[in-house]
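K.L.:
Sharing a structure here in structure tokens format.
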Amino acid sequence: RDPVEAPDGSIWWTGMWASLAGRLDPETGAMQEYRLPPAARPHSILPDAEGRIWYTGNSNGTIGRLDPQTGLITEFSTQARDPHTAIFHPNGNLYFTAQHAGVLGRLDPRTGELTEIPTRKRPYGIKVGPKGRLWVAYNGTNAIAAMDADTLALEYFDIPDADTRIRRLDIASDGRIW
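Each step along the sequence shown adds one to the number in this note's numbering, with nothing skipped, and position 151 is 155.
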């Protein structure tokens, strides 16, 4: 997975097969690795506004939170067997895809409340778009979907070429989905 920048300017990455999260301080070059639970195999990693690091436990069915100050790891168990890609929404919730389980999920980090809904095969990438809609790329079908952050209602958009498989998407400054 691509490295991400935390609010403090540090760069974070995951070592999926080694079940670790890594941090680079670009000013000093100092690196630190944090061992995650052995079966986690994190796919996605993202910082929150408080400096904690969140990851998708792609192999152990969890959403994990690492506090880099203390090393404390908290895991939230999902029904999905393979949380994949995650993103924070402006409403403070974390949303995620579970590719092989065919599930989309929402975790409220304040309460630990987790909601999961079934969806089409192989949801992969997820982004927050204009007006707070979530956009999901489907790697197993030729579609993208818009998801309402509150109701989790989905609207699917089939891609004209039936052989298309979309892994990631992005949103241009004019709101177009790419």
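Beta carbons are placed, not taken as given, at the ideal position from N, Cα and C, and that holds for glycine. These numbers come from a predicted model, not from an experiment.
1. Figure out for me which residue from Ser-23, Glu-37, Trp-21, Ala-22 has the closest Cα to the Cα of Ile-15.
2. Any idea what DSSP makes of Gly-109, helix, strand or coil?
3. For Trp-182, count neighbouring C-beta atoms within 10 Å of its own C-beta (all shown protein chains included) and say buried if the count is 16 or more, exposed if not.
4. Would you say Arg-110 and Tyr-128 are within 8 Å of each other, going by their C-beta atoms?
5. Compute the beta-carbon to beta-carbon distance between Asn-97 and Asp-112, rounded to the nearest angstrom, for a pair I have assumed lies under 8 Å.
6. I need the boundaries of the beta strand (DSSP E) containing Leu-28, first residue and last residue.
7. Among Pro-46, Arg-114, Ala-90, Leu-40, whose alpha-carbon lies nearest the alpha-carbon of Trp-139?
8. CA-CA distance, Gly-106 and His-88?
9. Is it true that the CB of Arg-126 sits closer than 8 Å to the CB of Gly-144?
P.N.:
According to the structure data:
1. Glu-37
2. strand
3. exposed
4. no
5. 5 Å
6. 24-28
7. Ala-90
8. 11 Å
9. yes
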